[in-house]
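Visitor: Okay, so the sequence shown: first residue is 24 according to our numbering, each after it adds one.
Don't be surprised by glycine CBs; every beta carbon is placed ideally from N, CA and C.
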Amino acid sequence: MSFLPISINITNKKILILGAGKVAARKVKHLLPFTSNITVVAPEISDEMKQFSEVDIIESAYDKKYLEGAFLVYACTDNTEVNDQIICEAEEAGKLCNRVDKGPESHFHSPAIIETEDMVVAVNTKDRDIRKMVAFKNELKEHIDEKIELQKQKVNQKGKVYLVGFGPGNPDLLTKKGEKLLQQADAIFYDDLLDADALSKYPGEKTYVGKRRDNHSKEQSEINDILLKAAQEEKMVVRLKGGDPLIFGRGGEERLYLEKNGVEVEIIPGISSAIAAAAYANIPLTHRGISSSVAFGTAHGKNSYKILESDTSVYYMGAKNIKEIAQKYLDKNYPADYPVGLVHKASLPDQEVIKTNITEIAEGRVEIKSPVISIFGNTVEYERELRKRTE
Ligand SMILES: C[S@@+](CC[C@H](N)C(=O)[O-])C[C@H]1O[C@@H](n2cnc3c(N)ncnc32)[C@H](O)[C@@H]1O
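1. Strictly by DSSP, which residues pair up with C120?
2. Would you call the CB atoms of I290 and Y339 closer than 8 angstroms?
3. Give every residue of the same chain whose Cβ lies closer than 6 angstroms to the Cβ of A304, excluding the five residues on either side of it in the sequence, and list them in chain order.
4. Let me check you understand the geometry: is the CB of S267 closer than 7 angstroms to at least one non-hydrogen atom of ligand 1?
5. Helix, strand or coil for S223 per DSSP?
6. Which first and last residues belong to the beta strand (DSSP E) in which E289 is found?
7. Measuring straight from C-alpha to C-alpha, what distance separates G44 and A93?
8. Could you give the DSSP three-state label for N380: helix, strand or coil?
9. Output needed for A369: all residues of its chain with C-beta closer than 7 angstroms, excluding positions within five of it in sequence on either side, in chain order.
10. Are the beta-carbon atoms of I445 and K346 separated by less than 8 angstroms?
11. Return the first residue and the last residue of the alpha helix (DSSP H) that K411 is part of.
12. Excluding the 5 residues preceding and the 5 following P134 in the sequence, name in chain order all residues of the same chain whose CB lies nearer than 8 angstroms to its CB.
13. Please give me, in chain order, every unbroken run of the beta strand (DSSP E) with length at least 3 that falls completely inside the stretch 148–236.
14. Enumerate, from N- to C-terminal direction, the unbroken alpha helix (DSSP H) stretches of 4 or more residues contained entirely within the stretch 241–289.
15. Bridge partners for Y339 per DSSP, in chain order?
16. Taking V105 as the reference, which of I313, G227, Y85 has the closest Cα?
17. If you measure from the CB of I345, is any heavy atom of ligand 1 nearer than 7 angstroms?
18. I38 lies in the beta strand (DSSP E); which residues open and close that run?
19. So, using beta-carbon positions, are F212 and T230 closer together than 8 angstroms?
20. Could you tell me the alpha carbon to alpha carbon distance between S333 and N401, rounded to whole angstroms?
21. Could you check if L371 belongs to the surroundings of ligand 2, using beta carbon to heavy atom distance under 7 angstroms?
22. Taking only the alpha-carbon atoms, compute the straight-line gap between R236 and N247 and give it to the nearest angstrom.
23. Just to confirm before moving on: does the CB-CB distance between E228 and D215 stay below 8 angstroms?
24. Out of curiosity, what's the CA-to-CA distance linking S25 and K149?
25. Residues bridged to S498 by DSSP?
26. What are the partner residues of H367, as DSSP defines its beta bridges?
27. Between which residues of its own chain and H17 is the CB-CB distance below 8 angstroms, once the five residues before and five after are set aside?
28. Terminal residues of the continuous alpha helix (DSSP H) containing V146?
29. What do you reckon, is the C-beta of A300 under 7 angstroms from a heavy atom of ligand 1?
30. Quick one: give me the first and last residue of the alpha helix (DSSP H) that I294 is part of.
31. Within a Cβ cutoff of 6 angstroms, which residues of the same chain sit near G293, ignoring the five residues on either side of it in sequence?
32. Taking only the alpha-carbon atoms, compute the straight-line gap between V63 and Y89 and give it to the nearest angstrom.
33. Can the beta-carbon of A349 be found closer than 8 angstroms to that of S393?
34. Drop a sphere of 10 angstroms on the beta-carbon of A359, count the other beta-carbons inside from all chains shown, and report buried for 16 or more, exposed for fewer.
35. Leaving out the 5 sequence neighbours to the left and right, which residues in its chain are closer than 6 angstroms to Y280 when beta-carbon positions are compared?
36. What residues are listed by DSSP as bridge partners for V63?
Written out as structure tokens, the structure is:
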């Protein structure tokens with residue numbers, strides 16, 4: 024690239040525009056925010072050009088004498104020979120000249136410009152392809168606008184806590200809103216995410232407050248206090264949870280505690296692992312004619328879980344208790360081959376799906392790995408079920 028990108032202060036410098044058609048008028052419009060010392064010389068002046076009352080307009084054919092005192096010259100006539108003459112004479116007079124008809128022969132180019140409140144971004148392409156410049160400029164502008172909007176929001180978000188659902192573990196399933204908040208957060212408190220490495224790209228300070236790793240268990244009250252303290256320090260806080268914050272995520276408790284202590288809270292939903300597990304294992308949670316209800320429950324806590332009596336029943340947690348749950352279905356006279364889908368690490372590269380039934384599970388013939396989502400119901404084998412019904 025032979026053109027050096029620089030920015031020049033042209034306030035009060037005389038800018039000479041030769042020509043007064045559409046292109047010249049565009050140049051004037053482009054230059055006016057930077058200087059009011061613009062002279063236009065042309066034998067005929069377009070109506071568009073006449074609208075610029077602040078411009079010095081001279082109705083005359085080009086003459087070398089007009090170059091005098093000019094800091095920059097724009098050859099915008101529709102006559103190639105005249106433009107040739109202008110650039111030659113400008114060069115002789117030691118003036119920098121831009122010609123609109125033969126860009127590469129110019130002494131300088133004007134880049135495409137994106138202006139924000141406190142920034143001017145200039146865009147140049149190596150081959151001066153105007154379409155590329157405009158496309159890139161538009162893309163960049165969108166990006167810059169988004170960044171500025173984020174910055175503005177951030178100022179208002181100090182001292183606020185966002186309970187954000189991370190989804191089932193695969194970072195691609197994080198919502199756009201969740202991603203934006205993570206980028207802006209001063210402090211991120213996360214628990215047992217299945218892909219915690221995905222957090223390394225976010226600049227905020229990251230603190231693990233999970234309940235499993237190293238057998239170190241943080242009490243919920245301790246987590247509540249940590250969140251409160253960070254918010255009181257005027258940080259923008261993201262409390263990141265696997266799946267959705269309001270499904271076995273204790274999001275409700277955290278919200279109540281923080282709001283009681285005067286902290287604003289916003290909850291951003293995430294894809295719950297049950298929803299992801301169903302999708303990735305091709306198990307409809309409802310299906311016309313087979314299942315018209317679905318219930319979500321926990322298999323955790325030996326005596327506290329209960330069998331869900333829904334067409335489709337989905338159990339979170341408690342991999343150890345699935346065997347016992349399957350037995351309870353048998354005790355309730357569900358068919359011996361009542362289908363069960365087990366989805367381990369849904370959405371992740373090492374996901375495993377097992378389609379089995381309550382008898383095999385109750386007899387301990389199926390290995391159940393944690394974390395697992397267990398789906399009980401005929402939709403687990405819905406294709407088989409549909410075939411049976413048409414036979
Ligand atoms: C404390 S609960 C949190 C649930 C979470 N809030 C949600 O909406 O998915 C943890 C349980 O979610 C389930 N789980 C979370 N991620 C999972 C995944 N990727 N695959 C299978 N099960 C998952 C497991 O049953 C695990 O024991």
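Guide: Let me lay it out:
1. For this step, residue 120 is matched to residue 97 along the sequence shown. Note: C120 sits in a beta bridge opposite V96.
2. As a first step, residue 290 is located in the sequence shown; it is residue number 267 there, counting from the start. As a first step, residue 339 is located in the sequence shown; it is residue number 316 there, counting from the start. In this structure, Y339 does not lie closer than 8 angstroms to I290 by Cβ.
3. Stepping through the sequence shown from its first residue, residue 304 is reached at position 281. Result list for A304: G364, V366, V376, in chain order.
4. Taking the first residue of the sequence shown as position 1, residue 267 is located at position 244. Correcting the residue type first, residue 267 is Asp in the shown sequence and not Ser. Yes, since a heavy atom of ligand 1 falls inside the 7 angstroms radius drawn around the Cβ of D267.
5. Walking along the sequence shown from the start, residue 223 turns up at place 200. If DSSP states are grouped into helix, strand and coil, S223 belongs with the helices.
6. The sequence position of residue 289 within the sequence shown is 266, counting from 1. Per DSSP, E289 belongs to the beta strand (DSSP E) from 287–291.
7. Here residue 44 refers to the residue found at position 21 of the sequence shown. Here residue 93 refers to the residue found at position 70 of the sequence shown. G44 and A93: Cα-Cα distance of roughly 20 angstroms.
8. As a first step, residue 380 must be located in the sequence shown, where it is residue number 357. DSSP places N380 in strand when its eight states are reduced to three.
9. Along the sequence shown, read from residue 1 onward, the residue named residue 369 stands at position 346. Counting only Cβ-Cβ distances below 7 angstroms, and skipping sequence neighbours, we find P191, S296, A299, A300, Y303, I396.
10. Residue 445 lies beyond the residue range present for the chain, which begins at 24 and ends at 414; the question has no answer from this structure.
11. As a first step, residue 411 must be located in the sequence shown, where it is residue number 388. Start and end: 405–413.
12. Within the sequence shown, residue 134 is the residue found at index 111, counting from 1. Only P28, A145, V146, N147, M156 meet the Cβ criterion.
13. 183–188, 210–213, 228–231
14. 243–255, 274–283
15. As a working note, residue 339 is residue 316 in the sequence shown. Answer is T321.
16. The residue you call residue 105 lines up with position 82 of the sequence shown. Looking at the Cα atoms, Y85 is the closest of the given residues.
17. Numbered from its first residue, the sequence shown carries residue 345 at position 322. Checking every heavy atom of ligand 1 against the Cβ of I345, none is found closer than 7 angstroms.
18. Translated into the one-based positions of the sequence shown, residue 38 becomes position 15. Taken as a continuous stretch (DSSP letters only), the beta strand (DSSP E) holding I38 covers 38–41.
19. If you number the sequence shown from 1, residue 212 lands on position 189. If you number the sequence shown from 1, residue 230 lands on position 207. Yes; because the gap between Cβ atoms is below 8 angstroms, this pair is in contact.
20. Here residue 333 is taken as the residue at index 310 of the sequence shown, counted from 1. Here residue 401 is taken as the residue at index 378 of the sequence shown, counted from 1. Cα-Cα distance, rounded: 11 angstroms.
21. For the structure depicted, ligand 2 is absent and the ligand set comprises only ligand 1.
22. As a first step, residue 236 is located in the sequence shown; it is residue number 213 there, counting from the start. As a first step, residue 247 is located in the sequence shown; it is residue number 224 there, counting from the start. Confidence is the limiting factor: at R236 the pLDDT is only 49, short of 50, which leaves the residue's position unreliable, though a coordinate-based value still follows. For R236 and N247, the distance between alpha carbons rounds to 19 angstroms.
23. As a first step, residue 228 is located in the sequence shown; it is residue number 205 there, counting from the start. As a first step, residue 215 is located in the sequence shown; it is residue number 192 there, counting from the start. No. Outside cutoff.
24. Counted from its first residue, the sequence shown places residue 25 at position 2. Counted from its first residue, the sequence shown places residue 149 at position 126. Cα to Cα, the separation comes out at about 9 angstroms.
25. Residue 498 cannot be examined here, being either before or after the span of the chain that is shown, 24 to 414.
26. Here residue 367 corresponds to residue number 344 of the sequence shown, with the count starting at 1. Answer is E375, V395.
27. The question about residue 17 has no answer, for the chain in this structure spans 24 to 414.
28. The sequence position of residue 146 within the sequence shown is 123, counting from 1. Segment 143–146 is the beta strand (DSSP E) holding V146; no alpha helix (DSSP H) there.
29. Looking up residue 300 in the sequence shown gives position 277. A300 Cβ: within cutoff of ligand 1.
30. Taking the sequence shown and counting its residues from 1, the one referred to as residue 294 is at position 271. Element bounds for I294: n/a, residue is neither H nor E.
31. Position 270 of the sequence shown holds residue 293. Excluding positions up to five away in sequence, the list reads G188, F189, G190, G266, D267.
32. Counting from 1 along the sequence shown, the entry for residue 63 is found at position 40. Counting from 1 along the sequence shown, the entry for residue 89 is found at position 66. Rounded to whole angstroms, V63 to Y89 spans 10 angstroms at the Cα level.
33. Stepping through the sequence shown from its first residue, residue 349 is reached at position 326. Stepping through the sequence shown from its first residue, residue 393 is reached at position 370. Cβ distance not < 8 angstroms, so A349 and S393 don't count as in contact.
34. Taking the first residue of the sequence shown as position 1, residue 359 is located at position 336. Burial call: exposed.
35. Your numbering for residue 280 matches position 257 in the sequence shown. N247.
36. Numbered from its first residue, the sequence shown carries residue 63 at position 40. BP columns for V63 point to I40, I80.
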